[in-house]
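Asker: Same order as they appear, the protein sequences are chains B and H.
Each residue of the first sequence is one higher than the last, beginning at 1 in this note's numbering.
Each residue of the second sequence is one higher than the last, beginning at 1 in this note's numbering.
Glycine is no exception: its CB is placed at the ideal position from the N, C-alpha and C atoms.
No experiment lies behind these values; they were computed from the predicted model shown.
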Amino acid sequence: MLKYVLQRVLFMFIALFLVSLFTFFLINSVPGGPFENPAIRPEVRLAMERRFHLDQPLIVQFGHFLRSIVTFDFGISLIVQPSRDITDILTERFPITIVLNLLSNFIIVPLGFFLGSLAALKRNRIPDHAVSALVVVFISVPSFVLASLMQYFLAFRLGLFPMIFSTSQNWDWDRLHSMILPILALSFGGIAFITRFLRGELIETLNSDYMLLAKTKGLRTHQAVFRHALRNSLIPIMGMLVGIFVTILSGSVVVEEIFAIPGMGRIMINALLSHDYPLIMATTVMYTFIALVARLLIDLSYSIVDPRIVIGGGRSAARS
Amino acid sequence: MRHEANSIPVDNVELLKNYTFTEDDFQFQEKGEVLSDTVPEDPPVGFFKDAMIRFSKNKASMVSIFMLLFIIIMAIFGPMMGDFHFREQNVQWDRLPPRIPILENFGIFDGTSVVTVQVANMPNWESVYIETVRTFYQTAGARTVPMAEIRIDAYANVGAEDVYFWFGSDMLGRDLWTRLWRGARVSLTMAAIAVLINLTIGVVFGAVAAYYGKKTDMIMLYIMEVFNAVPTLIMVIIIATRLGTTMWSLIIALTFSGWIGMAQMMRAQFYRYKGQEYVMAARVMGASDKRLIFRYILPNAIGPTITQVAVAIPTFMMTEAFLSYLGLGIQAPEPSVGVLLSQGQEMLLTNPHAVFFPALVISILMLSFQMMSNGLRDAFDPTLRGH
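Laid out in structure tokens, this is it:
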């Protein structure tokens with residue numbers, strides 16, 4: 001087990017290295033640079049480029065970047081928030097995006113499970129059709145449209161929620177209250193995704209032999225569903241959660257824009273559009289790292305959900 | 001001579017149960033005559049042909065096919081039906097509500113819109129006034145002003161009495177009907193190509209990884225994990241800024257890590273089937289790797305992937321809408337469903353039709369693809385063969 005974890009962690013860092021290498025050369029292949037601006041005089045530009053090692057060969061620049069990663073000193077932002085320490089920017093903005101994301105997941109999982117099992121148990125009856133209609137709406141109306149609709153009707157017309165993100169600096173009620181609408185807007189896609197998947201999965205399971213056995217033993221339908229059927233659907237859904245988590249991470253860019261949330265979204269896009277290389281690389285490393293850690297955690301927790309899964313076991317035990 | 005059982009309903013079990021056999025139904029048989037089943041005279045039905053036969057018998061699948069055909073036909077011919085060109089701007093006729101010939105007489109799509117005005121100003125609107133929806137008082141500072149929401153003829157208001165924008169017009173006075181179908185054409189083409197590329201890469205990659213297993217599988221799995229870890233949004237933005245926002249660069253952006261899901265699913269499916277006895281039997285009989293992969297395992301394993309493919313097309317259109325919202329959608333003046341959605345969002349509260357129609361097209365696509373994928377999954381399920 002420990003050996004397996006160590007192996008995975010080692011692989012994680014190799015993957016991190018490969019992704020940053022790839023991103024680094026890709027962003028440098030985009031024409032233009034951070035100081036290519038008619039308002040900047042050529043000699044100033046050259047001086048700036050020398051100051052930030054931009055005049056050196058790419059491979060040397062990549063070496064500088066690697067050193068900055070190892071020392072956890074990402075340097076300063078060039079354009080987006082000039083001269084500000086990148087570590088500072090990240091520690092200020094990342095927690096907001098992550099909390100939004102995690103809270104959305106806390107809504108997605110129970111609601112997705114509820115709607116999915118409701119639709120499967122009441123198959124081809126009114127609840128099923130209602131849930132299917134909801135899923136189609138959630139999937140076919142983009143989150144930015146749903147977000148603006150909620151902002152207009154729930155916040156502006158009815159005044160139930162603040163229109164935009166609270167300016168409060170602490171994690172107090174004001175801030176949480178203003179996060180409800182963005183969280184909802186981020187959750188719709190995931191809810192639809194899990195609901196649809198669980199419905200298909202459960203309908204198949206409900207006809208299986210072990211469900212018949214469970215019922216023959218005298219279990220009620222809901223007992224059989226909750227203790228036997230749902231537990232078996234957990235494994236694939238946990239795998240999907242990583243995908244949902246990562247999707248929300250990029251999806252939150254739009255929602256952050258609508259509700260004026262000072263998260264990572266705007267920073268990331270501005271960095272990419274203005275060639276703010278140190279900031280782009282720092283965000284890429286952060287996002288990649290988070291995705292890899294999420295995947296690792298989920299993989300490790302499989303054996304808790306289903307004890308039959310032996311993590312890191314030999315070929316014969318793990319795959320059959 | 002073979003016995004002709006004309007009157008016996010051999011095909012229908014229910015009728016057969018109640019059938020009373022008479023003496024005529026039986027015949028004497030010569031001693032020594034060989035009795036055997038005849039070889040079926042119909043040509044043998046292959047797997048894919050059988051799947052297609054079963055698919056076409058499924059009502060829901062056929063309905064979905066018709067809905068899809070409708071959208072595709074509209075995407076091809078829709079832009080030619082209206083009186084406008086997709087990039088023809090009539091700035092004086094901007095943001096007009098939908099107005100459709102015939103239907104306008106029934107009170108829907110009649111080109112009217114509701115505006116809020118001061119009661120004192122109402123005479124100014126007299127020429128286009130239709131009815132008063134409601135009146136209310138608004139307090140502005142110390143004054144309380146009587147206000148009214150009135151329904152007006154939006155077309156007459158801008159001097160466009162004879163013009164019909166079937167789905168309304170956008171903020172530059174472009175015809176949304178023409179743009180929507182033109183956009184559907186662009187989006188569908190883009191999504192279909194992206195999905196095909198994803199499917200091809202994903203199936204081959206996943207199949208090879210799982211079939212050969214061991215080291216090959218390990219290395220290929222690592223490659224997938226690395227691709228999966230790349231932050232999609234960052235990659236898409238870099239690709240869009242590097243290659244520009246043409247259709248092909250968007251396709252590259254969408255396929256960059258889009259094939260991973262298919263490959264993972266295919267890999268899991270292959271592991272499920274490759275150890276089964278029938279595969280082993282085929283191997284013992286001397287089947288080659290290629291034959292084992294494509295003839296023996298793939299037909300069994302393809303089911304879940306097909307379901308995923310069908311839903312992937314509308315999902316791609318949504319991703320494209322998302323990129324459009326960030327300003328990375330397809331280059332103007334070319335529309336796409338995503339571009340229309342994000343442009344419609346800007347005038348969502350005053351002109352909801354601009355979002356409604358594109359969203360409706362995606363919904364129809366979503367529904368019909370979902371129905372079709374269910375039908376395809378059943379059709380491609382080998383255990384249901386012959387039913």
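1) Give the DSSP-derived three-state secondary structure of H/E126 in the structure shown.
2) Please confirm whether B/N288 and B/M268 have their CB atoms less than 7 Å apart.
3) Considering only the beta carbon of each residue, do B/L103 and B/I183 sit closer than 7 Å?
4) Can you give the Cα-Cα distance for B/I258 and H/A281, rounded to whole angstroms?
5) Helix, strand or coil for H/S169 per DSSP?
6) Please give me, in chain order, every unbroken run of the alpha helix (DSSP H) with length at least 4 that falls completely inside the region 206 to 246 of chain H.
7) Using the beta-carbon of each residue, which ones in chain B are nearer than 7 Å to H/E225?
8) Excluding the 5 residues flanking H/W166 on each side, which residues of the same chain have their C-beta closer than 6 Å to its C-beta?
9) Short of 7 Å in beta carbon distance, which residues of its chain neighbour H/L15, apart from the five on each side in sequence? Order them along the chain.
10) Per the DSSP calculation, H/E131 is bridged to which residue(s)?
11) How far does the beta strand (DSSP E) with H/Q456 in it reach, from first residue to last?
12) Given a cut-off of 7 Å, decide if H/A194 and H/T139 are closer than it, judged by their beta-carbon atoms.
13) Taking buried to mean at least 16 other C-beta atoms within 10 Å of its own C-beta, is B/W171 buried or exposed?
14) Could you run through the region 277 to 300 of chain B and flag, in chain order, every residue whose CB is less than 8 Å away from some CB of chain H?
15) Against chain H, does B/G313 count as a neighbour if the rule is that its beta carbon must be under 7 Å from one of theirs?
16) Indicate the three-state DSSP secondary structure (helix, strand or coil) for H/Q405 in the structure shown.
17) Using a Cβ-Cβ distance cut-off of 7 Å, determine whether H/P304 contacts chain B.
18) What ranges does the alpha helix (DSSP H) occupy inside the region 11 to 52 of chain B, keeping only unbroken runs of at least 4 residues that lie completely in it?
19) Determine whether the Cβ of B/Y152 lies closer than 7 Å to any Cβ atom of chain H.
20) So, is H/T13 buried or exposed, given that buried needs 16 or more other C-beta atoms within 10 angstroms?
21) I need the DSSP call for B/R231, collapsed to helix, strand or coil.
22) At a threshold of 6 Å, does H/L367 count as lining the ligand GDP (C-beta to nearest heavy atom)?
23) Span of the alpha helix (DSSP H) holding H/E346?
24) Quick one: which chain B residues come within Cβ less than 7 Å of H/M366?
25) I want to verify the contact list: residues of chain H whose CB lies under 8 Å from the CB of B/V253, in sequence order.
26) Can you name the residues of chain B whose CB is closer than 7 Å to the CB of H/L341?
27) Taking 7 Å as the cut-off, decide whether the C-beta atoms of H/V339 and H/G327 are in contact.
28) So B/L54 and B/G32 are in contact, right, with Cβ under 8 Å, and what is the actual spacing, rounded?
29) Under a three-way DSSP split, which group does B/I304 fall into?
30) In the DSSP assignment, what are the bridge partners of B/P110?
31) Report the neighbours of H/L349 on chain B: residues whose CB is nearer than 7 Å to its CB, in chain order.
32) For chain B, check one thing: does any of its Cβ atoms lie closer than 7 Å to the Cβ of H/R242?
33) Here's the rule I'm using: 16 or more other beta-carbon atoms within 10 Å means buried, otherwise exposed. How should H/N198 be labelled?
34) List the residues that DSSP assigns as beta-bridge partners of B/D88.
35) Please list the terminal residues of the continuous alpha helix (DSSP H) segment that includes H/G275.
36) Inspect the beta-carbon positions of H/I297 and H/F380 and report whether they are closer than 7 Å.
Answerer: This is what the structure holds:
1) Look at H/E126 here: in three-state DSSP terms it is helix.
2) What sits at residue 288 of chain B in the sequence shown is Thr, not Asn. Against a cut-off of 7 Å, the Cβ pair of B/M268 and B/T288 comes out as no contact.
3) In this structure, B/I183 lies closer than 7 Å to B/L103 by Cβ.
4) Cα to Cα, the separation comes out at about 60 Å.
5) Looking at H/S169 - three-state DSSP - the assignment turns out to be strand.
6) Whole alpha helix (DSSP H) segments, 4+ residues: 214 to 229 and 232 to 243.
7) Ordered by position in chain B, the residues that pass the 7 Å Cβ test against H/E225 are A15.
8) Closer than 6 Å at Cβ, skipping near neighbours: I100 and W177.
9) Answer for H/L15: P9, listed in chain order.
10) For H/E131, which the question treats as bridged, DSSP gives the partners H/R151.
11) No answer is possible for residue 456 of chain H: the residues shown for chain H start at 1 and end at 387.
12) Contact: no.
13) Here B/W171 is exposed, its C-beta having fewer than 16 other C-beta atoms within 10 Å.
14) Listed by position along the chain: I280, T283, T284, Y287, T288, A291, L292 and R295.
15) Unreliable placement is indicated for B/G313, whose pLDDT of 49 sits below 50; no coordinate value is reported for it.
16) Here chain H has residues from 1 to 387 only, and residue 405 of chain H is not among them.
17) No - not a single Cβ of chain B is within 7 Å of the one on H/P304.
18) If we require 4 residues or more, the alpha helix (DSSP H) runs fully inside the region 11 to 52 of chain B come out as 42 to 51.
19) For B/Y152, the answer is yes, since a Cβ of chain H falls inside 7 Å of its Cβ.
20) The sequence given here places Val at residue 13 of chain H; Thr does not occur at that position. H/V13 counts as exposed, since fewer than 16 other beta carbons sit within 10 angstroms of its beta carbon.
21) DSSP places B/R231 in helix when its eight states are reduced to three.
22) With respect to the ligand GDP, the structure shown offers nothing to examine, as it has no ligands at all.
23) Run containing H/E346: V337 to E346, per the alpha helix (DSSP H) assignment.
24) Here the neighbours are V136, I139 and S140.
25) The contact set of B/V253 on chain H, defined by CB atoms closer than 8 Å, consists of L233 and L326 in chain order.
26) By Cβ distance, chain B contributes P142 and V145.
27) For the pair H/V339 and H/G327, the CB atoms are not nearer than the 7 Å cut-off.
28) Actually they do not touch by this definition, with Cβ atoms about 12 Å apart.
29) DSSP places B/I304 in helix when its eight states are reduced to three.
30) Residue pairing by DSSP places B/P110 opposite no residue, since no beta bridge is assigned to it.
31) Within chain B, the residues near H/L349 are Y152.
32) Closer than 7 Å to the CB of H/R242 there is at least one CB belonging to chain B.
33) It counts as buried.
34) Per DSSP, none; premise fails for B/D88.
35) Going by DSSP, H/G275 is part of no alpha helix (DSSP H) at all; its letter is neither H nor E.
36) At a Cβ-Cβ threshold of 7 Å, H/I297 and H/F380 do not count as neighbours.
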